[in-house]
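This is the structure in structure tokens:
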């Protein structure tokens, strides 16, 4: 029997195996393809900006039990037990600077904090559109915290990442601006036409995958 041509198949969720707004869920073709690949002896995993909590609700639908890369590479965990194998936080001083910037500009921003047990707490400064929009973009549950600076000042616990809303079709793209402003210890990535994500430097889906190999 020939050995598999591939060691691992990695899938993203949004826009890859899930349609916009998750319409229709996972197609039969997607489920069948994943099952066939795994039956051939090649494991399948997920690499996504979504949290481990969310991914754990999805993997049973796909029959995936391989460790997954979540939170834009900041968390690698077991989708079955919720155990965390790897975690990368933002530098606390930079997180506090980002919080001060969000407070000063009023830019809709959300921070993601690991609870250490496979769950994540989200703190968002404000809502401009209907809550359902942010539920889809950011995840749930979310706590509204008007002053993110107060949140970050009250604890020495650093966040995993942040997301800010920036419509580059209607205003300047803030990705390079934020990268320059917050320096080399951070990585700013546009992950959506309306969203910018910030993680610690060197933390992305690709780096998360290296912790699986």
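Residue numbers (the numbering used here): 38 to 250.
Cβ atoms here follow ideal geometry from the backbone N, Cα and C, with glycine treated the same way.
All values reported here derive from a predicted model rather than from experimental measurement.
The criterion of a C-beta distance shorter than 9 Å is satisfied by residue 145 and residue 202. Under the Cβ criterion (8 Å, minimum of three pairs), the region 193-211 counts as touching the region 128-136. The continuous alpha helix (DSSP H) containing residue 212 extends over residues 212-219. Here residue 186 carries a helix assignment [DSSP, helix/strand/coil]. In terms of Cα proximity to residue 45, the closest of 92, 207, 93, 102 is 102. Looking only at 41, 56, 43, 40, the smallest Cα-Cα distance to residue 173 is reached by 56. Scanning 98, 121, 99, 97 for the CA closest to the CA of residue 106 turns up 121.
Residue 52 and residue 40 have their C-alpha atoms spaced approximately 31 Å apart. By the Cβ test, the region 74-82 is not in contact with the region 205-221, since fewer than three Cβ pairs between them sit closer than 8 Å. Secondary structure at residue 179: strand, using DSSP grouped into helix, strand and coil. Per the coordinates, the alpha-carbon of residue 199 lies some 18 Å from the alpha-carbon of residue 92.
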